[in-house]
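Following: one structure in structure tokens, then a few remarks.
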Amino acid sequence: MKTKKLGNSGLQLSEICLGCLDFGTRLDQQTSFELLDAYYEAGGRFLDTANNYAFWAPNGVGGESEKILGTWLRDRGARHEMTIATKVGAQPTIPGAGFEAAEGLGAAAIARAAELSLSRLGLDHIDLYYAHIQDDAVPQEETLSAFERLHSDGKVGTIACSNHSLGQIVEATEISKRNGWPSYRCLQQRFTYLQPAPGANFAPQKTVDTELQTYLQAANMPLITYATLLGGAYETGELPPAYDTSENQTRIARVRTAAKALGLSPSQVVLAWARLSAGAIPLLATASVQRLMQGIATLNIKKEDLLAAMGDA
0 MKTKKLGNSG LQLSEICLGC LDFGTRLDQQ TSFELLDAYY EAGGRFLDTA
50 NNYAFWAPNG VGGESEKILG TWLRDRGARH EMTIATKVGA QPTIPGAGFE
100 AAEGLGAAAI ARAAELSLSR LGLDHIDLYY AHIQDDAVPQ EETLSAFERL
150 HSDGKVGTIA CSNHSLGQIV EATEISKRNG WPSYRCLQQR FTYLQPAPGA
200 NFAPQKTVDT ELQTYLQAAN MPLITYATLL GGAYETGELP PAYDTSENQT
250 RIARVRTAAK ALGLSPSQVV LAWARLSAGA IPLLATASVQ RLMQGIATLN
300 IKKEDLLAAM GDA
């Protein structure tokens with residue numbers, strides 16, 4: 000697996016990121032290690048987690064995924080080969096609560112969460128640290144100042160944001176530039192080949208529209224995508240309600256036609272499209288080593304073949 004430079008940062012990231020959301024909750028340690036080992040053996044070096052993964056799982060409170068990754072890194076001695084991304088801002092402060100009780104992006108919350116993440120992961124610094132969900136209650140200057148302190152202390156390398164609006168990203172960039180602070184270097188957002196139906200609400204998640212995508216390209220701010228495969232919708236052809244439009248019926252038919260022409264699954268076509276046509280790094284989360292390897296196999300697809308099969312979509 001090749002790497003690509005993360006925009007204006009100094010990071011080199013694998014072309015496909017392994018999403019570790021379910022590690023330690025829906026996936027036990029053995030299964031998690033099997034996925035991590037398979038990804039590593041395929042040349043993958045970019046792991047994504049968050050401090051709140053996965054508090055909503057039946058046996059989760061948050062932090063389980065980070066603990067599993069920390070154990071694997073120590074067991075395999077792989078720390079210096081891997082780029083580790085984690086996030087702050089969405090962990091509930093009340094046991095049993097949801098996103099309505101999220102810790103937010105205040106300075107004290109960020110400082111505390113960073114120390115806990117470092118401890119669970121067994122790291123002395125976090126390679127890529129995300130502001131996880133937009134926090135309209137906290138001035139962005141406070142958030143970015145907290146990230147700057149972590150960066151100055153050597154506890155965080157590169158910062159980024161996830162589930163943020165275009166307006167928030169533009170404002171954050173201006174604040175960082177004005178103060179000489181580190182700025183967000185990439186965006187992780189919900190993004191797939193199908194377009195959300197008008198009025199679809201994924202809160203606290205946010206999607207990428209054409210305007211945001213244009214801004215990211217102009218700013219050399221790479222996109223890392225999640226929910227790219229829509230939980231298997233491309234395989235079944237059954238559209239989630241938030242994507243159930245006549246336009247998307249046409250788009251999913253195009254994907255399935257391209258899959259037949261290329262000898263791939265529809266999910267493989269969409270992963271390849273996200274990477275080759277949209278220029279993104281897709282985040283791949285799965286419970287199956289077989290499906291993980293099928294995703295990694297899309298790295299062999301050529302852009303010209305993909306676009307020809309999809310009609311330059």
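Residue numbers for the sequence shown follow numbering that gives the first Met the number 0, so the first one is 0 and each next one is one higher. Quick reminder that beta carbons are idealized off the backbone N, C-alpha and C, glycines included. None of these values were measured; they are calculated from a predicted model.
- In the same chain as residue 203, and ignoring 5 residues on each side of it, the C-beta atoms closer than 8 Å to its own belong to 89, 98, 101, 132, 133 and 162, in chain order.
- The alpha helix (DSSP H) runs lying completely inside the region 270-301 and spanning 4 residues or more are 288-295, given in chain order.
- Scanning the region 194-234 for uninterrupted beta strand (DSSP E) segments of 3 residues or longer gives 222-225, listed from N- to C-terminal end.
- In this model, residue 184 and residue 172 are separated by some 9 Å (Cα to Cα).
- Boundaries of the alpha helix (DSSP H) around residue 39: 28-40.
- When the beta-carbon positions are compared, residue 159 and residue 192 stay at least 7 Å from each other.
- When C-beta atoms of the region 14-22 are compared with those of the region 47-58, three or more pairs fall below 8 Å, so the two segments count as touching.
- By the Cβ neighbour-count rule, residue 93 is exposed, with fewer than 16 other Cβ atoms within 10 Å of its own.
- In the structure shown, residue 137 falls within a coil segment according to DSSP collapsed to helix, strand and coil.
- Straight through space, the alpha carbons of residue 186 and residue 165 are spaced by roughly 10 Å.
- Residue pairing by DSSP puts residue 3 in a beta bridge opposite 12.
- The C-alpha of residue 288 lies about 36 Å from the C-alpha of residue 214.
- In this structure, residue 62 keeps its C-beta atom at 7 Å or more from the C-beta atom of residue 53.
- Distances from the alpha-carbon of residue 249 to those of 141, 38, 310 and 119 put 310 closest.
- Counting every other CB atom within 10 Å of its CB across the protein chains shown gives residue 240 a total below 16, marking it as exposed.
- Counting the other CB atoms within 10 Å of its CB gives residue 190 a total of 16 or more, which places it among the buried residues.
- Leaving aside the five residues that flank residue 219 on each side, the residues in its chain whose CB is nearer than 8 Å to its CB run, in chain order, 6 and 7.
- Collapsing the DSSP output to three states places residue 245 in a helix.
- Assignment of residue 70 by DSSP, reduced to helix, strand and coil, places it in the helix class.
- Taking C-alpha positions only, residue 23 is separated from residue 66 by approximately 8 Å.
- Per the DSSP secondary-structure output, residue 101 pairs in a beta bridge with 91.
- For residue 166, the enclosing alpha helix (DSSP H) covers residues 165-178.
- Rounded to the nearest whole angstrom, the CA to CA distance from residue 182 to residue 146 is 9 Å.
- Assignment of residue 161 by DSSP, reduced to helix, strand and coil, places it in the strand class.
- The C-alpha of residue 180 is placed about 44 Å away from the C-alpha of residue 264.
- Only residues of its own chain outside the window of five on either side were considered, and among them 139, 140, 143 and 180 have a CB closer than 8 Å to the CB of residue 174, listed in chain order.
- Within a 10 Å sphere around the beta-carbon of residue 216 sit fewer than 16 other beta-carbons, which makes this residue exposed.
- DSSP places residue 127 in no alpha helix (DSSP H) but in the uninterrupted beta strand (DSSP E) bounded by 125-130.
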